[in-house]
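What follows is a single structure, written as structure tokens, with notes after it.
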Amino acid sequence: MKLKTYQGEVLDRFEDFLRRWRHEAEAQPGNREASRRAFEACTLETFKVRVPYHAPAPLAEDDVPVVCLRVPTGGGKTLIGGHAIERLKRAFVGSVNTLTVWLVPTDPIRAQTLKALRTPGELLHDELRTLLGEVAVLDLDEALSVSPAVLDSHDTIIVATMQAFKQADTERLSVYKPNGALMDHFRGVEGSGWSLVEALALRRPFIVVDEAHNQGTALAFDTLARLKPCAVLEMTATPDRLHQPSNVLVSISASTLQGEDMIKLPIEMAVHADWRIALREAIAKLDALQADADQERATTGEVLRPIMLLQAERQQQDNPDAMTADRVRSALIEQFSVPEAQIARSASGIDELAAADPATLRFVITADKLREGWDWPAAYVLLSFRGSSTQVALEQILGRVLRMPQVTKKVRPALNQAYAFAVSDNLAHVAATLRDGLVQSGFERQDVNELVRTGPLTVPAEDLFRQNASVSVPLPTDEGRVVLPDFSTLPEATRKRFESRIELSPETGSFTIRGEWSPRDQQALKSVAPSDSAREAIERAFARLAAPFEVPVLTPAERGESFALPLLAWQQGDWLCDLGSAPPLEGTLELADVDAKLDLSAFPLQVETLQRARLGLGDAGKLRLDPLERLDVQLGLFNLRESASLEDLQWTLERRLSAPDIDPEELAAWLSTALRFLTEDRKLSSEELVYRKSRLSDALAERIGKARAEGHRQRFLALLGDEARLTATDRLQCVFRAGRYAWDWQYNGFITLPKHFFPQIGNLKAQGEEFECANFIANTLEGVRDWVRNVERKPGSFSLPTSRYRFYPDFLVRMTDGRILVVEYKGADRYDQPEQIEKRRIGELWARRAGERYRFVMPKQREWSMIRAALASAGIP
3 MKLKTYQGEV
13 LDRFEDFLRR
23 WRHEAEAQPG
33 NREASRRAFE
43 ACTLETFKVR
53 VPYHAPAPLA
63 EDDVPVVCLR
73 VPTGGGKTLI
83 GGHAIERLKR
93 AFVGSVNTLT
103 VWLVPTDPIR
113 AQTLKALRTP
123 GELLHDELRT
133 LLGEVAVLDL
143 DEALSVSPAV
153 LDSHDTIIVA
163 TMQAFKQADT
173 ERLSVYKPNG
183 ALMDHFRGVE
193 GSGWSLVEAL
203 ALRRPFIVVD
213 EAHNQGTALA
223 FDTLARLKPC
233 AVLEMTATPD
243 RLHQPSNVLV
253 SISASTLQGE
263 DMIKLPIEMA
273 VHADWRIALR
283 EAIAKLDALQ
293 ADADQERATT
303 GEVLRPIMLL
313 QAERQQQDNP
323 DAMTADRVRS
333 ALIEQFSVPE
343 AQIARSASGI
353 DELAAADPAT
363 LRFVITADKL
373 REGWDWPAAY
383 VLLSFRGSST
393 QVALEQILGR
403 VLRMPQVTKK
413 VRPALNQAYA
423 FAVSDNLAHV
433 AATLRDGLVQ
443 SGFERQDVNE
453 LVRTGPLTVP
463 AEDLFRQNAS
473 VSVPLPTDEG
483 RVVLPDFSTL
493 PEATRKRFES
503 RIELSPETGS
513 FTIRGEWSPR
523 DQQALKSVAP
533 SDSAREAIER
543 AFARLAAPFE
553 VPVLTPAERG
563 ESFALPLLAW
573 QQGDWLCDLG
583 SAPPLEGTLE
593 LADVDAKLDL
603 SAFPLQVETL
613 QRARLGLGDA
623 GKLRLDPLER
633 LDVQLGLFNL
643 RESASLEDLQ
653 WTLERRLSAP
663 DIDPEELAAW
673 LSTALRFLTE
683 DRKLSSEELV
693 YRKSRLSDAL
703 AERIGKARAE
713 GHRQRFLALL
723 GDEARLTATD
733 RLQCVFRAGR
743 YAWDWQYNGF
753 ITLPKHFFPQ
763 IGNLKAQGEE
773 FECANFIANT
783 LEGVRDWVRN
793 VERKPGSFSL
803 PTSRYRFYPD
813 FLVRMTDGRI
823 LVVEYKGADR
833 YDQPEQIEKR
843 RIGELWARRA
853 GERYRFVMPK
863 QREWSMIRAA
873 LASAGIP
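Written as structure tokens, this is what we have:
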């Protein structure tokens with residue numbers, strides 16, 4: 003399966019972090035700061051600011067890297083977790099086979115995860131076998147008797163609940179008890195209790211914590227420390243922000259999921275005080291969606307049967323008329339003539355989902371939450387009979403109507419959205435609850451106000467705005483590092499009040515304030531601000547919350563308009579393709595021209611660590627080793643059990659380094675030359691090479707990668723020389739429209755930047771030279787109709803190829819006379835670098851081939867006159 007673009011990038015960033023950790027640990031042995039330095043370097047690259055790293059105290063001594071991938075509901079966290087095992091194996095550990103402990107919050111999710119990992123035909127099962135070969139998947143009972151042979155010969159995943167390991171009194175849990183069935187794991191090791199936890203700790207497992215926000219705080223990390231992990235990966239939609247703050251390495255936005263057809267957005271909402279009318283309207287919507295689905299099938303062949311989720315009320319002694327699950331079922335049958343076969347209940351003491359027929363099911367009734375593990379992307383309509391439903395209760399089922407069936411955008415627009423109905427006379431309250439539910443599903447507060455659309459208002463618009471208003475405040479930075487407020491100085495009662503009105507997001511460099519604030523609480527919040535500028539920003543935020551209500555003006559995207567630019571294309575006859583994918587760029591890598599000899603600088607070898615591994619685990623455990631050495635020693639003990647023949651090593655390297663552009667026989671000969679040089683000229687033993695084969699593979703891959711990149715560069719430059727074959731026309735375009743604009747964070751500055759094509763401005767900080775360029779375009783440049791902040795590396799963003807990678811110009815500006823200017827801002831320190839010169843050449847080439855309506859400009863360090871000059875040359879007054 004081809005991963006979604008954002009899923010591949012999430013995994014790339016995780017792998018990059020692991021590689022940086024090893025690099026930092028090797029560069030400064032004994033300095034237990036590798037996790038912090040690697041994390042801050044990665045967040046600077048991803049978020050353009052250094053995010054502080056919080057080392058959990060039980061894991062800090064060993065500098066165990068602990069990071070979090072923040073992926074909202076519907077984003078495919080489980081699939082990402084499976085791929086993360088292969089990335090860790092490739093970039094981090096040197097052992098042949100990995101051991102992963104996959105921890106989940108509940109037993110139903112454990113069963114669901116085991117099913118996904120074990121069942122042929124399930125996506126996760128098939129993907130892991132493609133990536134890793136044979137994989138052993140064990141539940142806890144099987145792990146309690148697993149043999150060393152299984153762990154030595156397979157990549158192994160043990161799936162369990164955190165509760166199976168997490169308890170202050172460890173003697174009560176079977177995983178901590180001496181177990182004779184595991185004694186073979188401890189041969190040569192003295193003083194062990196032969197428990198499963200100790201057997202796992204020997205092998206330094208990789209720990210995946212699924213739904214990390216449900217796993218607790220201090221005791222959870224004490225539990226993880228007992229397993230002596232080599233690394234910990236948290237996956238959640240809602241990371242911990244205030245107690246044991248998660249180290250968010252990647253944060254995926256709702257816009258990214260929507261842009262890749264993972265979820266249905268926006269959510270259209272309607273309410274009515276009479277449940278009969280609300281139910282009638284919801285059924286009418288479901289019928290209309292089925293008609294759309296029938297037309298979709300006629301057009302595309304996709305079979306789709308939309309269903310409705312109904313959130314019933316609990317049984318109440320003081321309210322005999324409460325719409326319980328049974329009463330809702332009766333109403334559907336008796337008042338709306340719904341066949342019984344179309345209805346299933348999943349409520350207290352009742353679970354009819356397992357036996358429901360997918361071909362007939364249309365209505366699912368629940369109370370607080372659906373049966374865990376049930377997933378039906380065809381759910382489109384949510385009806386809540388509980389106008390006072392809490393955000394937690396709503397969040398339990400809200401995610402079920404967000405997933406897009408078949409993960410593909412539908413031809414019929416109505417099938418790309420979700421629909422929510424509620425029995426209530428308070429639209430503002432229901433809208434607030436629905437938005438809170440989206441936040442609980444992992445979306446940023448900045449996003450959700452745009453994701454819920456209300457029908458005709460039954461309350462004054464200002465009241466609706468007040469209850470949902472929020473303002474994002476930029477966090478201060480110190481030497482490029484985010485400075486966070488210290489809430490620990492506040493009384494516990496004050497912190498509790500703040501939790502529901504503040505969303506802290508260090509990775510986006512902001513925190514969001516919402517709701518109404520008393521003067522006392524305002525003062526308390528300002529008291530924890532880390533700087534004078536932060537206090538001033540908070541004051542401005544409160545002023546904005548209290549400002550007179552203004553009806554927002556619809557942006558061009560909200561009005562249904564589009565914004566299109568031609569792509570730079572290669573043409574052969576009537577056939578066009580993006581220049582970056584042109585057939586002449588493809589070529590075979592000639593390994594005969596690539597140096598196979600790795601000298602000491604290209605492939606250093608730390609023999610001392612290998613020698614320490616030979617001492618045996620009993621002695622090695624007493625040595626004072628730095629984290630990297632400790633990891634290598636323990637994993638090295640199991641590496642040394644494998645074959646040390648050069649033939650087996652070469653076969654392993656051939657599998658890792660094979661590629662479509664390399665002839666297999668040529669690769670085999672090249673690797674033979676490389677190994678012969680290492681053994682004969684550098685006098686390295688086969689045992690030493692096998693022990694370090696992962697780093698050897700990386701060194702050889704880097705050598706091949708540089709040669710491949712140089713070949714691509716030469717072919718690309720040759721292609722540019724034949725400009726007559728290049729074109730940019732409306733036959734191949736980048737088109738911006740509603741639902742097709744992704745970002746990682748939104749602009750949250752207090753200076754208004756008008757005329758943006760979308761209601762959101764993506765990945766723009768509230769200060770700095772790029773912001774100043776945006777401010778000039780939005781507020782000073784004459785004749786601007788609208789503009790787009792172009793976000794790099796997002797599907798649907800505008801990009802141009804270079805000889806090394808694609809680049810994404812910063813701003814796209816459409817003038818009132820229809821002409822378009824592409825702006826790539828560059829600071830003076832980088833303006834004359836070779837890669838920037840190449841960007842200018844490509845941008846100007848694109849403009850020439852696109853025609854007189856288009857211009858490309860690279861203004862240099864606030865020289866805004868260059869933008870005006872580019873427009874003047876395009877004939878714009």
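This note's numbering applies: residue 3 is where the sequence shown begins, and numbers increase by one. C-beta atoms are modelled at their ideal positions from N, C-alpha and C, and glycine is treated no differently. Keep in mind it's a predicted model, so treat the numbers as computed, not measured.
Smallest Cα separation from residue i: which of the options?
i           : options            : result
residue 141 : 158, 570, 135, 127 : 158
residue 197 : 283, 38, 167       : 167
residue 741 : 686, 441, 260      : 260
residue 61  : 568, 234, 127, 579 : 234
residue 178 : 344, 48, 156, 145  : 145
residue 433 : 134, 203, 452, 602 : 452
residue 306 : 318, 316, 292, 317 : 292
residue 59  : 223, 379, 88, 698  : 223
residue 5   : 27, 84, 743        : 84
residue 866 : 850, 66, 782       : 782
Assuming the contact rule is C-beta atoms closer than 8 Å, residue i and residue j should be a hit. Round their C-beta distance to whole Å, please.
i           : j           : result
residue 81  : residue 9   : 7 Å
residue 790 : residue 858 : No, residue 790 and residue 858 are not in contact; Cβ-Cβ is about 15 Å, not under 8 Å.
residue 747 : residue 257 : Contact doesn't hold; Cβ gap of about 10 Å is too wide.
residue 771 : residue 864 : 7 Å
residue 604 : residue 676 : So it is not a contact: roughly 10 Å between Cβ atoms.
residue 185 : residue 210 : Between residue 210 and residue 185 the Cβ distance is about 28 Å, and since that is not below 8 Å, they are no contact.
residue 578 : residue 848 : About 14 Å; that fails the 8 Å criterion.
residue 126 : residue 137 : Contact flag wrong, Cβ pair sits at about 10 Å.
residue 275 : residue 427 : 4 Å
residue 499 : residue 517 : Incorrect: roughly 10 Å between the Cβ atoms, too far for contact.
residue 825 : residue 753 : That pair is no contact at about 18 Å.
residue 596 : residue 678 : Going by Cβ atoms, the distance from residue 596 to residue 678 rounds to 15 Å, so no, they are not a contact pair.
residue 730 : residue 872 : Actually they are not in contact, since the Cβ atoms of residue 730 and residue 872 sit about 17 Å apart, beyond 8 Å.
residue 536 : residue 515 : Incorrect: roughly 12 Å between the Cβ atoms, too far for contact.
residue 19  : residue 40  : 6 Å
residue 493 : residue 254 : Not a contact, Cβ separation roughly 35 Å.
Are the CB atoms of residue i and residue j nearer to each other than 8 Å?
i           : j           : result
residue 348 : residue 342 : no
residue 262 : residue 811 : no
residue 56  : residue 247 : yes
residue 350 : residue 400 : no
residue 287 : residue 383 : yes
residue 792 : residue 813 : yes
residue 2   : residue 606 : Residue 2 lies beyond the stretch modelled for the chain, which goes from 3 to 879, so this question has no answer here.
residue 655 : residue 702 : yes
residue 511 : residue 51  : yes
residue 252 : residue 34  : no
residue 24  : residue 270 : no
residue 12  : residue 509 : no
residue 173 : residue 93  : no
residue 506 : residue 243 : yes
residue 314 : residue 381 : no
residue 386 : residue 424 : yes
residue 474 : residue 750 : yes
For residue i, which residues does DSSP report across the bridge?
i           : result
residue 828 : 862
residue 813 : 791, 825
Nearest chain C C-beta to residue i closer than 8 Å, yes or no?
i           : result
residue 339 : The structure shown contains no chain C; it is built from a single protein chain.
**Asked** With a cut-off of 8 Å, do at least 3 Cβ pairs link the segment 714 to 727 to the segment 800 to 816?
**Response** yes
**Message:** Count Cβ pairs between the segment 583 to 602 and the segment 758 to 775 that sit closer than 8 Å; are there 3 or more?
**Reply:** no
**Request:** For the segment 224 to 237 and the segment 412 to 429, state whether three or more C-beta atom pairs, one from each stretch, are separated by less than 8 Å.
**Result:** no
**Request:** May I ask you to verify whether the segment 528 to 540 touches the segment 473 to 488, counting CB pairs closer than 8 Å and requiring at least 3?
**Result:** yes
**Message:** When you compare the segment 275 to 289 with the segment 332 to 340, are there three or more beta-carbon pairs, one atom per stretch, that lie closer than 8 Å?
**Reply:** yes
**Request:** Check whether the segment 263 to 274 touches the segment 89 to 104, taking contact to mean three or more Cβ pairs, one atom from each stretch, closer than 8 Å.
**Result:** no
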